[in-house]
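**Student:**
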Amino acid sequence: EGYSPTLKWQQQQVAHFSTVRQSLNKHRNHWRSQNLDSNVAMPKSEDEEGWKKFCLGERLYSEIEMLPDNEDLGIDYIKVGFPPLLSIVSRMDQATVTSVLEYLISWFGEKPFTPELGRWLYALLACLEKPLLPEAHSLIRQLARRCSEVRVLEENKNEENISALNLIICLVSRYFDQYDLADEPS
Amino acid sequence: QSEDSDVWDDKALIKAYDKAVASFKDA
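Going down the list, the sequences are from chains A and B. For the first sequence, the working numbering gives the first residue as -14, with consecutive numbering after it. For the second sequence, the working numbering gives the first residue as 791, with consecutive numbering after it.
(1) Where does I60 of chain A fall in DSSP's three states?
(2) When the Cα of Y107 of chain A is compared with those of B:W798, B:A806, B:D799 and B:D800, which residue comes out closest?
(3) Please report the residue range of the alpha helix (DSSP H) in which Q7 of chain A lies.
(4) Would you please state the rounded distance, in angstroms, between the beta carbons of D816 of chain B and L70 of chain A? I believe it to be under 8 Å.
(5) I need the straight-line Cα distance from N116 of chain A to S23 of chain A, nearest angstrom please.
(6) Out of A:L113, A:L89 and A:E120, which one is the CA nearest neighbour of G103 of chain A?
(7) Residue range of the alpha helix (DSSP H) that E144 of chain A falls in?
(8) Just how far apart, CA to CA, sit K121 of chain A and K809 of chain B?
(9) Buried or exposed: where does Q(-5) of chain A fall if 16 or more other Cβ atoms within 10 Å of its Cβ makes it buried?
(10) Along chain B, which residues have their Cβ under 7 Å away from the Cβ of L70 of chain A?
(11) Between the alpha carbons of D162 of chain A and A149 of chain A, how many angstroms are there, rounded?
(12) Check this for me: beta carbons of G66 of chain A and F39 of chain A, under 8 Å apart or not?
(13) How long is the line joining the alpha carbons of A111 of chain A and S8 of chain A, rounded to whole angstroms?
(14) Under 9 Å Cβ-Cβ, which residues of chain B neighbour A149 of chain A?
(15) Since Y107 of chain A meets chain B, which of its residues come closer than 8 Å, beta carbon to beta carbon?
Below is the structure:
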């Protein structure tokens, strides 16, 4: 109560997400052919630890406190994780998208939700082709359930987290046709 | 909308996510 989104908001997100996926398909070939920066080393599909570090950063992965970076040196993506840039996600085939989704959902099963995780989950969902393979179907249902569990436990009403969790639940349930997991209209 | 533009930059998915998350506050 008080956390779930309106039906109108959910419908807007589904429409927006559909447009985003169309644009992604339109621009995929362009971004796939762009050179990656020299510091971007994408792990192999089966390298679970490598992908967790790649997406979330060594700082979060290792749960160690590090001193703030010197701003003059710019962002160290090895430490903070690489964001889901088009030049990166456009290179991922469906098997890799599904594998990385699995790794990050597994991570989320034990760790708190973070904006970095939210961005990657959204990007991977945008890359996930329909009709879903049975494995992907099960994975995204697991993801929506975990989002619901975490949302219930949000005590400080961190608006950004609630919003992000609502977004993921909405896309899984209403874009990927898992309507039994959808938030009821409020 | 930016998603329809030919200038869909490298951070387009991140921007789309941030926009969607921010929209909940305004709903």
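All C-beta atoms, glycine included, are put in the ideal place defined by N, C-alpha and C.
**Tutor:** With the structure as the only source:
(1) Walking along the first sequence from the start, residue 60 of chain A turns up at place 75. In this structure, I60 of chain A counts as coil in the three-state DSSP scheme.
(2) As a first step, residue 107 of chain A must be located in the first sequence, where it is residue number 122. Considering only alpha carbons, the answer is B:A806.
(3) Position 22 of the first sequence holds residue 7 of chain A. That run of the alpha helix (DSSP H) goes L(-8) to R17.
(4) Numbered from its first residue, the second sequence carries residue 816 of chain B at position 26. Numbered from its first residue, the first sequence carries residue 70 of chain A at position 85. Their Cβ separation, rounded to whole angstroms, is 27 Å, which puts D816 of chain B and L70 of chain A out of contact at 8 Å.
(5) Residue mapping note: residue 116 of chain A aligns to position 131 of the first sequence, counting from 1. Residue mapping note: residue 23 of chain A aligns to position 38 of the first sequence, counting from 1. The displayed chain sequence assigns Pro, not Asn, to residue 116 of chain A. Each residue's Cα considered, the two are about 35 Å apart.
(6) Counted from its first residue, the first sequence places residue 103 of chain A at position 118. For the residues A:L113, A:L89 and A:E120, the minimum Cα distance to G103 of chain A belongs to A:L89.
(7) For the purposes of this step, residue 144 of chain A is taken as the residue at position 159 of the first sequence. Start and end: E144 to C155.
(8) The count along the first sequence starts at 1 and reaches residue 121 of chain A at position 136. The count along the second sequence starts at 1 and reaches residue 809 of chain B at position 19. For clarity, residue 121 of chain A is Ala in the given sequence; the question names Lys instead. If you take the alpha carbons of A121 of chain A and K809 of chain B, they lie about 26 Å apart.
(9) Here residue -5 of chain A refers to the residue found at position 10 when the first sequence is read from its first residue. Per the 10 Å Cβ criterion, buried.
(10) The residue given as residue 70 of chain A occupies position 85 in the first sequence. Here the neighbours are D800 and K801.
(11) Along the first sequence, read from residue 1 onward, the residue named residue 162 of chain A stands at position 177. Along the first sequence, read from residue 1 onward, the residue named residue 149 of chain A stands at position 164. Rounded to whole angstroms, D162 of chain A to A149 of chain A spans 19 Å at the Cα level.
(12) By 1-based counting over the first sequence, the position of residue 66 of chain A is 81. By 1-based counting over the first sequence, the position of residue 39 of chain A is 54. Yes, Cβ-Cβ distance for G66 of chain A and F39 of chain A is below 8 Å.
(13) As a working mapping, residue 111 of chain A is identified with position 126 in the first sequence. As a working mapping, residue 8 of chain A is identified with position 23 in the first sequence. If I take the Cα positions, the gap works out to 10 Å.
(14) Sequence index remark: in the first sequence, residue 149 of chain A carries index 164 (1-based). Under the 9 Å cutoff, chain B gives Y807, A810, V811 and F814.
(15) Along the first sequence, one-based indexing puts residue 107 of chain A at 122. Within 8 Å Cβ-Cβ: L803, A806, Y807 and A810.
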